């Protein structure tokens, strides 16, 4: 920094520390989010599998003719996994447009009309 700068020196150090700490905080928060979603999906999968298993034990003889053991196992394995994967994806469905909107707003604040180039690059990719 030159002597004619109006910015205090401590602000530069603060920015450097924040640039170092921010990725660590992001990593911690992302890990906590992944852990929370993992616990929720594990509980959902076990509840769905348990419900299907209990229902399969209570099937009448005519119901057992309609559903083979393979179909019931398919419900417990594949279909429950699809439902659980949907829960993981649904959060990204609403949060991604919000993140993009916030990023575009911040770009607009810093760059003005030149931020449209960032939007164009995002749309192309």
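In full-length UniProt numbering, the protein residues as written are 1 to 125.
Glycine residues also receive a C-beta, built at the ideal position from the N, C-alpha and C atoms.
Please read all numbers here as calculations on a predicted model, not as lab measurements.
- Residue state for residue 5 is assigned as coil, using DSSP reduced to three classes.
- Taking C-beta separations shorter than 7 Å and ignoring five residues to either side along the sequence, the partners of residue 75 in its chain run 52, following chain order.
- Per the C-alpha coordinates, the member of 69, 92, 105 and 80 positioned closest to residue 41 is 80.
- Per DSSP, reduced to three states, the secondary structure at residue 60 is coil, with no helix or strand assignment.
- For the stretch 66–96, the full-length alpha helix (DSSP H) segments reaching 4 residues or more read 69–74 along the chain.
- Rounded to the nearest angstrom, the Cβ distance from residue 106 to residue 118 is 10 Å, too far for a contact under 8 Å.
- Selection 116, 16 and 34 evaluated against residue 87 yields 34 as nearest (Cα-Cα).
- One alpha carbon belongs to residue 116, the other to residue 104, and they sit about 8 Å apart.
- Residue 110 has its alpha-carbon roughly 22 Å from the corresponding atom of residue 17.
- Distance from the CA of residue 24 to the CA of residue 12, rounded to the nearest whole angstrom, comes to 19 Å.
- Shown here, residue 125 sits in coil according to DSSP, grouped into three states, outside any helix or strand.
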